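Enquirer: One structure, pasted below without further comment.
There are 2 protein chains.
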Amino acid sequence: MTLALGKVPYSLLEKKVFTRLGVKDEAVILGPGIGLDSAVIDLGPRVLVIHCDPITEAKKRIGWLSVHISANDVAVCGAKPRWLLSVILLPEGSDESVLDEITADIDRAAKEIEASIVGGHTEVTPRLDRPMVITTAAGIVSKKRLVTATGAKPGDLVIATKSVGIEGTAIIAEDFEEDLRSRAIPVRIIERAKTFIEDISIVKEAIAAIHTGGVTAAHDPTEGGFIGGLVELAKASNVMIEVHEDKIPVRSETKVICEALSIDPFKLISSGSLILTVKENMFESVMSAIRREGVDAYMVGRVVEGSGVKFYRKSGSVEVYEEMIIDEITKLWEREKHDSIY
Amino acid sequence: MTLALGKVPYSLLEKKVFTRLGVKDEAVILGPGIGLDSAVIDLGPRVLVIHCDPITEAKKRIGWLSVHISANDVAVCGAKPRWLLSVILLPEGSDESVLDEITADIDRAAKEIEASIVGGHTEVTPRLDRPMVITTAAGIVSKKRLVTATGAKPGDLVIATKSVGIEGTAIIAEDFEEDLRSRAIPVRIIERAKTFIEDISIVKEAIAAIHTGGVTAAHDPTEGGFIGGLVELAKASNVMIEVHEDKIPVRSETKVICEALSIDPFKLISSGSLILTVKENMFESVMSAIRREGVDAYMVGRVVEGSGVKFYRKSGSVEVYEEMIIDEITKLWEREKHDSIY
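From first to last, the protein sequence lines are chains E and G.
No gaps in the numbering here: position 214 of the first sequence is 215 in the numbering used here, and each next residue is one more.
No gaps in the numbering here: position 165 of the second sequence is 166 in the numbering used here, and each next residue is one more.
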């Protein structure tokens, strides 16, 4: 079977990846699985949370992105991401200035989240046409503060922060600017959309929310967008999540851009929004903790018995999701490829 | 300045990478530096040793290689590599069988060293022409057993295991087979050379040697070969290392292949050989511990005051090295490129 671009399907991960995990180690509290981005390792009273992710396609700020993307996954477990290792792969013929920009970016992102770069590898790699950065992030948290995507329980409320698709909106504004202009999207909207990328870190609000003790599960939606993130969380916790479109904030720039391109903002890559399930009686404490960090948060739905995601559209239709969501941004790449061929 | 293929120069790492390490963290016992492959983090009575490395150019067994290459760097600190995270990047149009082979390989390598795969990321990446695997390896060791490349002291003896250039010999036998045959190298030598790749793990002997308490510094020579590894260790420990060519084992297949291609086996990529500096009075204990693991070890030189490496050739000449060694295998790639252009 020829594999499609992007993340490989759940079924293949389950068959060819998750069955091949070396030896069993009793200290591994959480290993690989759908929606389980970070590993959790028992160190006695505390646990080590560790995650690794690549940035392979972004054009700008890749060092900065790489740090935030990996750090987010550690933070959603309640562990402050403190230690980073970045592997930097540069294309042949790279000027020193490329490395200069990437490491300055990594450093800036690390300082923003108060993390330390402790290792990595830097090389010029043959037959690459753009730089790539792969960052490992790690942190420590006490066992009683540990949160994963597995803990959502029927009855919990679902909180979302910021807005959906902010990462995707920024990527589209940068990479499809010509296209947007040709569709008469005003320049000021495109320029504002580009700045959304600055919002992709969820470290501070995740740590603050989890420290209240009221969060049962947390997840950072990335590819597959907000709905994709909900599906991953629902699968990891073995529950159903019901959410209502009219309760979920979408920034006006995201709306305008998605409408112009006929894509669904709820399935658009979505780092920066944080999904939390919380005990009903702790709802207000968690909301206050997030807001004290200067981040908006909304109650968007509820955890129920069952499996997958039930998405109540404004239109009145109800969509049910149980499988991996193909990110809307891949549609745009496909269209672009098609346009350039014909 | 346009950067050359492979690792970037020490001077650039010092200027553009090691100065940009985010915030300072008191728990970081060992961060990035020349010859410092693993990060060491203080967890109280124990330390976390963590390392990340990419496999970007190998053609075969890349999952297997990636695990061993990263695990080796954790083991040279005395920590058993127990937890692995592998990022798998596949080229567009990859068949499922490619992923199948890589994950089976990762699993096999993990089982060989008794490690557990705890996380990672698998994706199909646009505009790649071959798969890449980036593995993070981590383990825990007590503070009193921790060894790094910084601890070599004048008066220590230098031990090397197995043989130099075994990794490079295997790579050449695989990738330059035609060339070797055209130079009348017998097929049985080429076939034996290919099997050397099975020897690249140093986990068992490193852990056994370090557990004696007699090892002051340990390093796993990779690119730049045996001399490159010695330079890195010498720089990390701020000492001079004197070694004698006639004491260092070179397998006959390596000799034949290197002579035919006019390359220096002592500067040929060398995973599988382990460099240790040991207290003189613990020399026999360390040697016995390594040999009990079924691995050959040799006393090859001594640590003295000074800086860099003094290499006494059999011919009587004395070479002094203080800078990064360009690996001999890059010469072959350059020649191949040249041949294919003209």
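Glycine included, every Cβ here is placed at the ideal spot set by N, Cα and C.
Predicted model only: the values in this text are computed from it and were never measured.
So Cys53/G contacts chain E; which residues on that side make the cut at Cβ distance below 9 Å?
Expert: Correct list: Cys53, Leu86, Ser87, Val88, Gly120, Gly121, His122, Ile135, Thr136 and Thr137.
Enquirer: Using DSSP with H/G/I as helix, E/B as strand and the rest coil, what is Ser87/E?
Expert: DSSP places Ser87/E in strand when its eight states are reduced to three.
Enquirer: Could you give the DSSP three-state label for Glu243/G: helix, strand or coil?
Expert: Glu243/G falls in the strand class under three-state DSSP.
Enquirer: Please identify the residue among Val240/G, Glu323/G and Gly230/G whose C-alpha is closest to the C-alpha of Pro266/G.
Expert: Ranking the options by Cα distance to Pro266/G, first place goes to Gly230/G.
Enquirer: Tell me whether the region 217-230 of chain G and the region 80-96 of chain G touch, counting them as touching only if at least three CB pairs, one residue from each stretch, are closer than 8 Å.
Expert: No, the region 217-230 of chain G does not touch the region 80-96 of chain G.
Enquirer: Give me whichever residues DSSP pairs with Met283/E in a beta bridge.
Expert: Met283/E is not bridged to any residue.
Enquirer: Within 10 angstroms of its Cβ, does Glu324/G collect 16 or more other Cβ (buried), or is it exposed?
Expert: When all chains shown are included, Glu324/G counts as exposed.
Enquirer: Tell me which residues share the same chain as Ile198/G and place their Cβ nearer than 6 Å to its Cβ, disregarding the 5 neighbours each side in the sequence.
Expert: Ala171.
Enquirer: Please decide whether Arg47/G counts as near chain E, where near means a Cβ-Cβ distance under 9 Å.
Expert: Output row for Arg47/G: interface = yes.
Enquirer: Which of the three DSSP states, helix, strand or coil, is assigned to Arg182/G?
Expert: Residue state, collapsed to three classes: helix.
Enquirer: For the putative contact between Ser272/E and Ile70/E, defined by C-beta atoms under 8 Å, what is the C-beta separation to the nearest angstrom?
Expert: Contact holds; Cβ gap of about 6 Å.
Enquirer: How would you call Glu15/G, buried or exposed, if buried means at least 16 neighbouring beta carbons within 10 angstroms?
Expert: Classification for Glu15/G: exposed.
Enquirer: Establish whether the CB of Pro33/G and some CB of chain E are separated by less than 9 Å.
Expert: It does: the Cβ of Pro33/G has a partner Cβ on chain E nearer than 9 Å.
Enquirer: Is there contact between the region 179-188 of chain G and the region 110-123 of chain G, where contact requires at least three CB pairs shorter than 8 Å?
Expert: Segments in contact, no.
Enquirer: Contact check, Ala56/G vs Gly120/E under 8 Å by CB: the rounded distance?
Expert: Note on residue identity: the sequence assigns Ile, not Ala, to residue 56/G. With 8 Å as the limit, Ile56/G and Gly120/E do not qualify as a contact, their Cβ atoms being about 17 Å apart.
Enquirer: Do Val48/G and Val142/G have their C-beta atoms within less than 9 Å of each other?
Expert: Their beta carbons are under 9 Å apart, which means Val48/G touches Val142/G by this criterion.
Enquirer: Excluding the 5 residues preceding and the 5 following Pro10/E in the sequence, name in chain order all residues of the same chain whose CB lies nearer than 7 Å to its CB.
Expert: Once the five neighbours on either side are set aside, the close Cβ partners of Pro10/E are Met325.
Enquirer: Flag this pair as yes or no: are the beta carbons of Lys195/E and Ile228/E separated by less than 9 Å?
Expert: Not a contact, by the Cβ cut-off of 9 Å.
Enquirer: Since I believe Ile242/G is in contact with Val304/G (beta carbons under 8 Å), could you give me their beta-carbon distance rounded to a whole number of angstroms?
Expert: About 6 Å; that satisfies the 8 Å criterion.
Enquirer: Let's see if you can read the secondary structure: which residues bound the alpha helix (DSSP H) around Lys205/E?
Expert: First-last of the alpha helix (DSSP H) with Lys205/E: Val204 to His212.
Enquirer: Classify Asp265/G as helix, strand or coil using the three-state DSSP reduction.
Expert: Note: Asp265/G maps to coil in three-state DSSP.
Enquirer: Does the beta-carbon of Thr123/G have 16 or more other beta-carbons within 10 angstroms, so that it is buried, or is it exposed?
Expert: Buried, by the Cβ-count rule.
Enquirer: Is it the case that the Cβ atoms of Asp43/E and Ser164/E are separated by a distance below 9 Å?
Expert: Going by C-beta atoms, Asp43/E is not nearer than 9 Å to Ser164/E.
Enquirer: Starting from the C-beta of Cys53/E, find all residues in its chain whose C-beta is less than 6 Å away, skip the five residues before and the five after it, and write them out in chain order.
Expert: Excluding residues within five positions, the ones whose Cβ falls inside 6 Å are Thr137.
Enquirer: Using a threshold of 9 Å, state whether the C-beta atoms of Val216/E and Met283/E are closer than that.
Expert: In contact: Val216/E and Met283/E (Cβ atoms closer than 9 Å).
Enquirer: Mind reading off the beta-carbon distance from Ile211/E to Leu275/E? Whole number of angstroms is fine, and I expect it under 8 Å.
Expert: That pair is no contact at about 10 Å.
Enquirer: What residues match up with Lys311/E in a beta bridge as DSSP calls it?
Expert: Glu243/E and Val321/E, per the DSSP bridge assignment.
Enquirer: Express the C-alpha separation of Gly64/G and Val99/G in angstroms, rounding to a whole number.
Expert: Near 11 Å, if we compare the C-alpha coordinates of Gly64/G and Val99/G.
Enquirer: Can you give the Cα-Cα distance for Lys144/G and Ala174/G, rounded to whole angstroms?
Expert: For Lys144/G and Ala174/G, the distance between alpha carbons rounds to 41 Å.
Enquirer: Give me the subset of the region 89-102 of chain G whose CB atoms are less than 9 Å from a CB atom of chain E, sorted by chain position.
Expert: Listed in sequence order: Ile89, Leu90, Leu91, Glu93, Gly94, Ser95, Asp96, Glu97, Ser98, Val99, Leu100 and Asp101.
Enquirer: Between Gly23/G and chain E, is the shortest Cβ-Cβ distance under 9 Å, so that the two count as touching?
Expert: It does; some Cβ of chain E falls within 9 Å.
Enquirer: Indicate whether at least one CB of chain E lies closer than 9 Å to the CB of Trp65/G.
Expert: For Trp65/G, the answer is no, since every Cβ of chain E falls outside 9 Å of its Cβ.
Enquirer: Could you tell me whether any Cβ in chain E is nearer than 9 Å to the Cβ of Leu14/G?
Expert: At least one chain E Cβ lies under 9 Å of Leu14/G.
Enquirer: I need the DSSP call for Cys259/G, collapsed to helix, strand or coil.
Expert: If DSSP states are grouped into helix, strand and coil, Cys259/G belongs with the helices.
Enquirer: Less than 7 Å between C-beta atoms, sequence neighbours within five positions excluded: which residues of the same chain meet that for Ser238/E?
Expert: Closer than 7 Å at the Cβ level, and outside the excluded window around Ser238/E, lie Ala150, Thr151, Gly152, Ala153 and Ala218.
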